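Residue numbers (this note's numbering): 5 to 405.
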């Protein structure tokens, strides 16, 4: 090992010790930066106004590892106990994910982002690289390249894997991660850019577009290297933030993709045929002070020669946070037409029939410290009309620091 390498390792070690010491000594105090740049001190983190990027930017968990490089490190984790009364599952405890978010400021507008999640609820434990991207923000535009979260919708681009920051215990069903039953491409590997086209009434209007690797052979198959066909996934979106009212966000977006053919061993209901995919979204959100309100709608349309299938989803989430206790509720409607061979490869691929599912939650959130929260939640899920609904009770403890 060279002297230079040893010096760098020593600096890293000192930085980590400094970081952990700061965590222990400042666990009950937080410095927040207002929009005008003034620093204020708060005993309770205002998570209702905060997404993962804002949390990282405002975090006091900053330290210098090497000269001219500045890093932010954040950690997220959760644990919960649950009982599902209708599905015959035994009451159980479960470890959630342990996430590490690193943001490195490479220069004035150049940033590197890495997010790793240890899936502790699996045996053996899975380690997943959720985000690995380089971002550049210039005068009136931004550019991202690497693996990140699809720039469509509101929830997916704000909370990422920071469970402690989101209002409910689980993500809405339509935008759950690909390996957890979600139906849209939550992750992407590619490049996209955005333009800040208009500053109006104290806010900003922006448009963005990107090109990325498309869907794999299955929903869980998020391509990170070789694509399955020459066609790429294309996304476009437009949004308005803080226009006329601070905390108000509205937007719409779309994803267009060609899903490559797969043989009968993978997709028995539709072997050796490509699928045209269109994903549409619109959202309206208000997050300011103690209030969080999020409403989103999604449509997913799959088509092949002479046949098509559709999914429609709408969810609403509302939360009020007080010091130290708050409440929240959510309602989601999920409608499927036919047996989509991509989402249900073992089905018959029929275009007939429809299923309507409902999911609602009601919960309380207790801030156990500036960096952790305890949630108690009741859930009601009806996978399709006419079936027996599922009732569940969850107790969830999460943290972010």
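Where is the CB? At the ideal position from N, CA and C, for every residue including glycine. Just so you know, these numbers come straight off a predicted model, no measurement behind them.
Notebook entry, point to check: With a CB to CB cut of under 6 Å and the five nearest residues on each side skipped, what residues in its chain are close to residue 369?
Noted result: 330, 377, 379
Run through the stretch 157-237 for me and flag every whole alpha helix (DSSP H) of 4 or more residues, listed as ranges in chain order. 159-162
Here's a check: name, in chain order, each residue in its chain whose Cβ is nearer than 6 Å to the Cβ of residue 176, leaving out the five neighbours to either side.
319, 336
Task: Contact set for residue 162: own chain, Cβ-Cβ below 6 Å, skip 5 residues either direction - done: 55
Okay, do the stretch 111-124 and the stretch 200-207 touch, 3+ Cβ pairs below 8 Å being the bar?
no
Practice item. Measure from the alpha carbon of residue 224 to the alpha carbon of each residue in 255, 274, 265, 185, then state which is nearest. Key: 185
### Query
Taking the C-alpha atoms as reference points, what is the distance between residue 183 and residue 268?
21 Å
Residue from 313, 395, 334 whose Cα sits closest to the Cα of residue 3:
Nothing in the structure corresponds to residue 3, since the chain is present only between 5 and 405.
Between the stretch 212-219 and the stretch 245-252, are three or more C-beta pairs nearer than 8 Å? no
Legend entry - Alpha-carbon to alpha-carbon, residue 79 and residue 99: 15 Å
Would you call residue 293 buried or exposed, if buried means 16 or more other Cβ atoms sit within 10 Å of its Cβ? exposed
Query raised in the report: Leaving out five residues before and five after residue 409 in sequence, what residues of the same chain have Cβ atoms less than 6 Å from its Cβ?
Result: With the chain running from 5 to 405 in the structure shown, residue 409 is simply not present.
Subject >> Beta carbon of residue 300 nearer than 7 Å to that of residue 166 >> reply: no
Report buried or exposed for residue 133, applying the criterion of at least 16 other Cβ atoms within 10 angstroms of its Cβ. exposed
- Query: Looking at the unbroken beta strand (DSSP E) that takes in residue 403, where does it start and where does it end?
  - Reply: 394-404
Worksheet item: First and last residue of the beta strand (DSSP E) that includes residue 146?
Response: 145-153
Please report the straight-line C-alpha distance between residue 246 and residue 210, rounded to a whole angstrom.
12 Å
Is the CB-CB distance between residue 321 and residue 334 below 7 Å? yes
Inset, instruction - Please name the residue, chosen from 348, 375, 389, that lies closest to residue 360 on a Cα-to-Cα basis. - result: 389
Next item on the list: Output the residue ranges of the beta strand (DSSP E) runs that lie fully inside the stretch 272-353 and measure 3 residues or longer, sorted by chain position.
Entry: 279-292, 295-308, 311-325, 329-341
With a threshold of 16 other CB atoms inside 10 Å of the CB of residue 317, please say whether the residue is buried or exposed.
buried
On the DSSP bridge assignment, give the partners of residue 245 in chain order.
-> 208, 253
>> Give me the DSSP bridge partner(s) of residue 391.
In response: Paired residue(s): none; residue 391 is not in a bridge.
* Asked: Near residue 383, which residues of its chain fall below 6 Å by C-beta distance, leaving aside the five closest residues on each side in sequence?
  -> 365, 396
- [ ] Take the Cβ of residue 391 as the centre, count every other Cβ of all protein chains shown within 10 Å, and call the residue buried at 16 or more, exposed below.
- [x] exposed
inquiry  = Measuring alpha carbon to alpha carbon, tell me which residue in 170, 402, 89, 339 is nearest residue 323.
reply    = 170
**OP:** Check residue 94 in the structure and name its three-state DSSP category.
**Re:** coil
Notebook entry, point to check: Quick one, which of 101, 174, 298 has its alpha-carbon nearest residue 367's?
Noted result: 174
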